[in-house]
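Since the structure comes first, as structure tokens, the remarks are kept for the end.
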Amino acid sequence: MSSGFSCDLFTGTPASDANLLALDDPAMAQTVAIELRNSDRSRLALGEASPTEEVDANGNVTLNFFANYRALASGVQPGVAKADAIFMINYN
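Under our numbering, the letters of the sequence shown match residues -7 to 84, in that order.
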């Protein structure tokens, strides 16, 4: 069995869609949230562990994640849009 790493339980303040991150400040852009994605660009919901990435022969591993903005409803208002995501790296 090979070993690997994953990110376990991405957490943060959920938006009205609990799988998305709420923006840090309600005075920022409106009706927008941040979506996290795995290395294959599939959605990574808050509280969900990422797939395990294998360690190479040199003991290295790269964990790639992406984020994008998602409209929560019509009427998106422009502005700064940022959020914090917290994660724990898990050695399997």
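Beta carbons are placed, not taken as given, at the ideal position from N, Cα and C, and that holds for glycine.
Query raised in the report: Got a sec, what are the start and stop residues for the beta strand (DSSP E) residue 28 sits in?
Result: In the sequence shown, the residue the question calls residue 28 occupies position 36. Run containing residue 28: 24 to 29, per the beta strand (DSSP E) assignment.
Query raised in the report: So what does residue 80 bridge to, in DSSP terms?
Result: By one-based count along the sequence shown, residue 80 stands at place 88. Answer is 0.
Query raised in the report: On the three-pair Cβ rule with 8 Å, is the stretch 14 to 29 touching the stretch 66 to 77?
Result: Segments in contact, yes.
Report task. Under 6 Å Cβ to Cβ from residue 59, same chain only, skipping five residues before and after it: list those, please. Result -> Mapped onto the sequence shown, residue 59 falls at position 67. Within the same chain, residue 59 has close Cβ partners 26, 28.
Report task. Let me know if residue 66 comes out buried or exposed under the rule of 16 or more other beta-carbons within 10 Å of its beta-carbon. Result -> Looking up residue 66 in the sequence shown gives position 74. With fewer than 16 other Cβ atoms within 10 Å, it is exposed.
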